[in-house]
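S.K.: What follows is a single structure, and I will ask about it in a moment.
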Amino acid sequence: MVESVLIKNVEIVSEKGVLTGDVFFENNIITDIAPSISKHAELEINDSGLTLLPGVIDTHVHFREPGSEHKETLYTGSKAAASGGVTTFFDMPNTSPATVTLKALEAKKMLAAQTSLINYNFFVGATTDNLDVLKQVENIPGIKIYVGSSTGTLLVDQDEPLEAIFRDTKHIIAVHSEDEKMIQEKQLEYAGSSNVLDHEKIRSAEGALKCTQRLIALAKKYQHRLHICHLTTKQEVALLRNLSSKGLITSEVTPQHMFTYAPDIYEKWGTKAQINPPIRHRDHQEALFKGLQEGVIDCMASDHAPHLEEEKNQPFPHAPSGMPGVETSLPLMLDAVHNGHFSIEQLVNVMSKTPASIYTIQKRGALTVGHYADAVLVDRHGTHTITKDNVYTKSGWSIFEGQFLKGKVVATFVNGSPVFREGDFFEDKKGMEVAF
Ligand code: DOR
Ligand code: ZN
Ligand code: ZN
């Protein structure tokens, strides 16, 4: 176990701006950031070509444990995450059993304490009859509501239980926002279709917008913090752009919705590109991209939702929705920085700093003295091609396979210890439960 680390002569994207200098980690914590540090450390890295960023905080993953360990586990998911510079994850409740009781939550936290290589916490899912749990539960990122159904059985779409959750609970509410009635109507209309391009028609832009309008009204009525997961439409971006209650309502976008579009992505990948809410046409993708650039959308999350290739290779509509992505978000964003679409500070804002502030995470999300030493060392000039052979997710594939990217993860530090370095993993120290 490494107790002290000195990283010398690197570009540091710190809370105080972009600096060149040294950083010292000791006993979990960043203890010094300065132009030059002369103390000795157990591990010293000196490489003027590299850049140190705060570790990525991915607030939306599905690590499948318990219930679907053949797709991913907390261990394999955390390992994939570490290889992609992610130092904290929040896992979604649609496991089997679903995380809708205190017991199921405790079981996940215990397992993560034993097996996760990075920091963790878990959303609790809302059902129509677990309001007591949602009121009592402590130290979670938030309550997840599937207002439209997706993978798993979680769904709360009726007014009465929805109003009760907004009225009677205190945690931030994160939503999968698609109108369930509209999905069901369209499913009947397109029954018998085996064309994956119909996925986007069944789960329409109108359905996403309608549900998001409904949820924003509830958040305003009860003055309850609302986070809209994985935005997919230009109409929702326009709605958020004109919202007066910024701060009460936040939102996220995924790399797959921001970097890819229909019909091309479905023509290339078929049902592997099928996710909920769907990847839509280019006008939506462009609005999402601009929305993140301009700060209308607050942050990025991967919605890492692994399924095996053989499951995904079933024809539409039998293939499950979802795709892996926890380890490819940062490389894709480094490439977008290289291409001039975002500044390196913007990358840090949308991947680390803002996720920490949205969920009020204590002492993480920025490189600053006193914070936990969660950091990722990257080579902004290095190159990385995503292939089946270099992804670590147990599902073993990515729709970004074949993409040649400028920017490469070199090492990932979690609570001051290296967990990943140039293809090697260090597994003796486990991650911590994130506190709020
Ligand atoms: O495409 C999706 N897959 N959307 C979700 O909301 C759930 C996820 C999964 O768990 O597979
Ligand atoms: Zn979702
Ligand atoms: Zn999800």
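Heads up, the sequence shown is in this note's numbering, so the first residue is 722 and it goes up one at a time. All C-beta atoms in this analysis are idealised placements derived from N, C-alpha and C, irrespective of residue type, glycine included.
#1: Here's the rule: buried if 16 or more other CB atoms are within 10 angstroms of the residue's CB, otherwise exposed. What is Gly-869?
#2: At a cut-off of 8 Å, is Cys-950 close to ligand 2 when judged by its beta-carbon and the heavy atoms of the ligand?
#3: Do Pro-999 and Lys-1115 have their C-beta atoms closer together than 9 Å?
#4: Closer than 8 Å: is that where the CB of Asp-1024 sits relative to any heavy atom of ligand 4?
#5: Report yes if the CB atom of His-1025 is closer than 9 Å to the CB atom of His-781, and no otherwise.
#6: Is Phe-811 close to chain D, meaning its C-beta is less than 9 Å from at least one C-beta of that chain?
#7: So what does Ile-1107 bridge to, in DSSP terms?
#8: So, using beta-carbon positions, are Ala-1057 and Phe-980 closer together than 9 Å?
#9: At the level of alpha carbons, what is the spacing between Pro-1052 and Asn-1060?
#10: Using the Cβ count rule (16 or more neighbours within 10 Å means buried), how would you classify Asn-767?
#11: Using 8 Å as the threshold, is the region 953-965 in touch with the region 872-886, meaning 3 or more CB pairs across them?
#12: Can you determine whether any heavy atom of ligand 2 sits closer than 8 Å to the C-beta of His-761, and answer yes or no?
#13: If I follow the unbroken alpha helix (DSSP H) through Ser-943, where does it start and stop?
#14: Does any heavy atom of ligand 3 sit closer than 8 Å to the C-beta of Gly-805?
#15: Put Tyr-1093 into one of helix, strand or coil per three-state DSSP.
#16: Leaving aside the five residues before and after Glu-957 along the sequence, list all residues of the same chain whose C-beta is less than 7 Å from its C-beta, in chain order.
#17: What do you get for Leu-909, buried or exposed, if any count of 16 or more other CB atoms within 10 angstroms of its CB means buried?
#18: Under 8 Å: does the beta carbon of Tyr-867 sit that close to some heavy atom of ligand 2?
M.R.: Based on what the coordinates show:
#1: buried
#2: yes
#3: no
#4: As presented, the structure is devoid of ligand 4, carrying ligand 1, ligand 2 and ligand 3 as its sole ligands.
#5: yes
#6: Of the chains in the structure shown, none is chain D; there is only one protein chain.
#7: According to DSSP, which records beta bridges pairwise, Ile-1107 is partnered with nothing at all.
#8: yes
#9: 12 Å
#10: It is exposed - the Cβ of Asn-767 has fewer than 16 other Cβ atoms within 10 Å.
#11: The region 953-965 vs the region 872-886: no contact.
#12: Taking non-hydrogen atoms of ligand 2 into account, the C-beta of His-761 is found less than 8 Å away from none of them.
#13: A quick correction: the sequence has Tyr, not Ser, at residue 943. Residues 926-943.
#14: no
#15: strand
#16: Residues of the same chain with a CB within less than 7 Å of the CB of Glu-957, apart from the 5 flanking positions on each side, are Ala-929, Leu-930, Thr-933 in chain order.
#17: exposed
#18: At least one heavy atom of ligand 2 falls within 8 Å of the beta-carbon of Tyr-867.
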